[in-house]
Amino acid sequence: MAVIGDENAFRAPAFLERTEQRMVIKRRRFKQTQSLEERLAQDTLKLREQAKKLPPGPARADVARRIRQNEAASHFCELLRSPELELSE
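Sequential numbering of the sequence shown, starting at -19, is according to our numbering.
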């Protein structure tokens, strides 16, 4: 089944296809100085302080959602580091 525009689906963007000059896009990489769990904990504390200052409403609900997401991510990291998940050789 063909969809309009499929003929270009697997081509690179036009600015990368120029043969006379290739652009190299470099990713910005940097080394994290804190673990993910530490960063999540700090962000959660900051968000809890923000939530205390906000009145009930959509903005506070968004902050509460981000807190729950951070807590879930932290729990997931703990699960991944648990000894039960060690791969046997």
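Every residue, glycine too, gets a C-beta built ideally from N, C-alpha and C.
Quiz item: In angstroms, rounded to a whole number, what distance separates the CA positions of lysine 70 and aspartate 42?
Solution: Past the edges of the chain, shown from -19 to 69, lies residue 70, and the structure says nothing about it.
Quiz item: First and last residue of the alpha helix (DSSP H) that includes isoleucine 47?
Solution: Here residue 47 refers to the residue found at position 67 when the sequence shown is read from its first residue. Counting along the chain, the unbroken alpha helix (DSSP H) around isoleucine 47 starts and ends at 38 to 61.
Exercise. For leucine 65, count neighbouring Cβ atoms within 10 angstroms of its own Cβ and tell me buried if that reaches 16, exposed if not.
Key: Residue mapping note: residue 65 aligns to position 85 of the sequence shown, counting from 1. The residue in question, leucine 65, is exposed, as its Cβ has fewer than 16 Cβ neighbours within 10 Å.
Practice problem: Taking 9 Å as the cut-off, decide whether the C-beta atoms of asparagine 50 and threonine 24 are in contact. | Solution: Within the sequence shown, residue 50 is the residue found at index 70, counting from 1. Within the sequence shown, residue 24 is the residue found at index 44, counting from 1. Asparagine 50 is a Cβ neighbour of threonine 24, given a cutoff of 9 Å.
Quiz item: Would DSSP call lysine 6 helix, strand or coil?
Solution: The sequence position of residue 6 within the sequence shown is 26, counting from 1. Three-state result, lysine 6: coil.
Exercise. Give the C-beta separation of leucine 20 and alanine 53 to the nearest angstrom, bearing in mind that I take them to be a contact with Cβ-Cβ under 8 Å.
Key: The residue you call residue 20 lines up with position 40 of the sequence shown. The residue you call residue 53 lines up with position 73 of the sequence shown. Confirmed, about 6 Å.
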